[in-house]
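Numbering of the sequence shown is given in this note's numbering, commencing with residue 451 and proceeding in unit increments.
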Amino acid sequence: MNLPKPLNDLVENLKRLPGIGNKTALRLALFILNDLEKEEAASLSEALISVKENLSFCEICGVIKEDACPICQDNKRDQSTIMVVETIKDLLVFENTNNYFGLYHILGGTIDFSKGIEPDDLKIDSLIKRANSNKEIILALNGAVDGQLTSNYIEELLKDKDVTLSKIAYGLPVGADLSFADDKTLKVALQNRMKVK
Ligand SMILES: [Zn+2]
451 MNLPKPLNDL
461 VENLKRLPGI
471 GNKTALRLAL
481 FILNDLEKEE
491 AASLSEALIS
501 VKENLSFCEI
511 CGVIKEDACP
521 ICQDNKRDQS
531 TIMVVETIKD
541 LLVFENTNNY
551 FGLYHILGGT
561 IDFSKGIEPD
571 DLKIDSLIKR
581 ANSNKEIILA
591 LNGAVDGQLT
601 SNYIEELLKD
611 KDVTLSKIAY
621 GLPVGADLSF
631 ADDKTLKVAL
641 QNRMKVK
């Protein structure tokens, strides 16, 4: 039998989420139908709309913000260091170590020609504009080919700029995703960062 249209619509919407196939979408939709109170369903739908309406990305660092940027506009943070990360996920990994209190710059990925990701697709220009003599830029990209390529690309662009540049040391196997590293490894990787220039 065909699912009633409202249920089918819900299943189709849930299937757009990453990692949710047909079966899981149907299970979630049936859970919402059978087990959620009407108020709970309303609260879920309001939360969905609210993230879209009330959140945006900081124009400077790329962090998700509500009004003021929780990183750039926090004057307790060290304004003289900028850690360059690939994604907000990596930023949260560093934040959770409670060991880094500077600023960030989210690139939005790494250069990967095999996937069609070119320098212009990333927030590299805006990073170069943030670089000045009062800043240390710490590259914290993954240790695989794409991360290294991106680090090298940024190093080249900063070659003639008066800025301190360093790279986190990898106590990680090459190719490891930052989010798999434990707090201690990241702490050591940050402490032992290598000065590039
Ligand atoms: Zn910001």
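The C-beta atom is built at its ideal place from N, Cα and C for all residues, glycine as well. No experiment lies behind these values; they were computed from the predicted model shown.
{"Item": "Span separating the alpha-carbon of Asp459 from that of Leu589", "Value": "44 angstroms"}
{"Item": "Reference Lys539; option with closest CA among Asp528, His555, Leu607", "Value": "His555"}
{"Item": "Segments of 4+ residues assigned as alpha helix (DSSP H) that fall wholly inside the region 485-520", "Value": "488-504"}
{"Item": "Neighbourhood of Leu607 by C-beta distance below 6 angstroms, restricted to the same chain and skipping five residues each side", "Value": "Ile578"}
{"Item": "Quiz: which residues have CB nearer than 6 angstroms to ligand 1 non-hydrogen atoms", "Value": "Cys508, Ile510, Cys511, Val513, Cys519, Ile521, Cys522"}
{"Item": "Inter-residue Cα distance where the pair is Phe618 and Val646", "Value": "Reading off the sequence shown, one finds Ile at residue 618, where the question assumed Phe. Looking at the two C-alpha atoms, the distance is approximately 10 angstroms."}
{"Item": "Start and end residues, beta strand (DSSP E) containing Gly729", "Value": "The structure shown does not extend to residue 729, since the chain is modelled only from 451 to 647, so the question has no answer here."}
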